[in-house]
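Trainee:
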Amino acid sequence: MFEERVKNLTGIDVPDLPPICQIGMVVPDLKEGARFYRMLLGISKWYCPVIKEFSCRFRGRPIDISVDIAVGYSGKTQVELIQYHGSDDNIYRAHPGEAGFGFHHFGVVVGNLEKSLETMSSLGIAPLQEGTLTYAGGGTTRFAYLDTMAKAGMILELIETKAFGFNLGMPRWLVSLGRITGDTVSVEAFKGGRS
């Protein structure tokens, strides 16, 4: 099966993507997930963005779900924990599969989400789920999970984070700044529930 996937990749145009900067994990409980990955990966500090609004489409249709997120860093790589709420079909339920928790996606930061989606579309790769997170301080993250399972055996997320018209990426200092502006709280102080 792996050999077949390698053959399928041979000769295709490979998109010029930035390096992977995020590993996403689905967890059934955010605080327990942070404790588990603190022990497993040695990530001592986890922070939750304060999400003011969340909108999402799965396979082009609006869905009624919300997410709670915690982020921590292993070196320069952000590890994202995602707990979803809602019964609509969504990518968090569809992957990682039967266990309902574990590895979900690799993420890359892009400067222009629309342009990146056009590039991926030209390669026959469509978004599975797209959405926008708006934070308490007014910043936004737009994202698209791509249908790369059949070709690559994993989900790829394109991420665009902006505030005041500037593309910010996802550096560690942004989480620290969020503590000052009220856009992030420690996972211990996080109240949880539907965003």
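Heads up: the sequence shown is residues 8 to 202, going by the working numbering.
For glycine and all other residues, C-beta sits at the position ideal for the given N, C-alpha and C.
This one's a predicted model, so the numbers in the text were calculated from it and none came from an experiment.
(1) Measure the alpha-carbon distance for Lys122 versus Asp71 and round it to whole angstroms.
(2) When the Cβ atoms of the region 183–190 are set against those of the region 52–66, are three or more pairs found closer than 8 Å?
(3) For Asn97, write down the residues that DSSP places opposite it in a beta bridge.
(4) For the alpha helix (DSSP H) holding Leu184, just list the boundary residues, first then last.
(5) Could you compute how far the alpha carbon of Phe110 sits from the alpha carbon of Leu47?
(6) Which residue comes first and which comes last in the alpha helix (DSSP H) that contains Thr126?
(7) When burial is assigned at 16 or more other CB atoms within 10 Å of the CB, is Leu130 buried or exposed?
(8) Pairs of beta-carbons, one from the region 157–168 and one from the region 129–149, closer than 8 Å: are there three or more?
(9) Kindly identify the DSSP beta-bridge partner or partners of Ser81.
(10) Could you tell me how far apart the beta carbons of Gln29 and Phe108 are, in whole angstroms, since I believe they sit closer than 8 Å?
(11) Less than 6 Å between the CB of Thr188 and some heavy atom of the ligand FAD, yes or no?
(12) Would you decide whether Pro134 is buried or exposed? Buried here means 16 or more other CB atoms lie within 10 Å of its CB.
(13) Would you decide whether Asp23 is buried or exposed? Buried here means 16 or more other CB atoms lie within 10 Å of its CB.
(14) Report all residues from its chain with a CB closer than 6 Å to the CB of Leu140; omit the five preceding and five following residues, and keep chain order.
(15) Name, in chain order, the residues that DSSP records as bridge partners for Ile76.
Mentor: So, from the data block:
(1) Going by C-alpha positions, Lys122 is about 27 Å away from Asp71.
(2) Note that the region 183–190 touches the region 52–66; at least 3 beta-carbon pairs, one per stretch, sit closer than 8 Å.
(3) Answer is none; Asn97 lacks a bridge partner.
(4) DSSP places Leu184 in the uninterrupted alpha helix (DSSP H) bounded by Arg179 to Thr188.
(5) Rounded to whole angstroms, Phe110 to Leu47 spans 14 Å at the Cα level.
(6) Start and end: Leu120 to Ser129.
(7) Answer is exposed; the Cβ neighbour count stays below 16.
(8) A contact exists between the region 157–168 and the region 129–149.
(9) BP columns for Ser81 point to Thr84.
(10) Incorrect: roughly 17 Å between the Cβ atoms, too far for contact.
(11) Of ligands this structure carries none, so the ligand FAD is not represented either.
(12) Buried is the call here.
(13) Burial call: exposed.
(14) By the criterion of a C-beta distance shorter than 6 Å, Leu140 is surrounded in its chain by Ile58, Phe61 and Thr148, once the five residues flanking it on both sides are discounted.
(15) According to DSSP, Ile76 bridges with Ile89.
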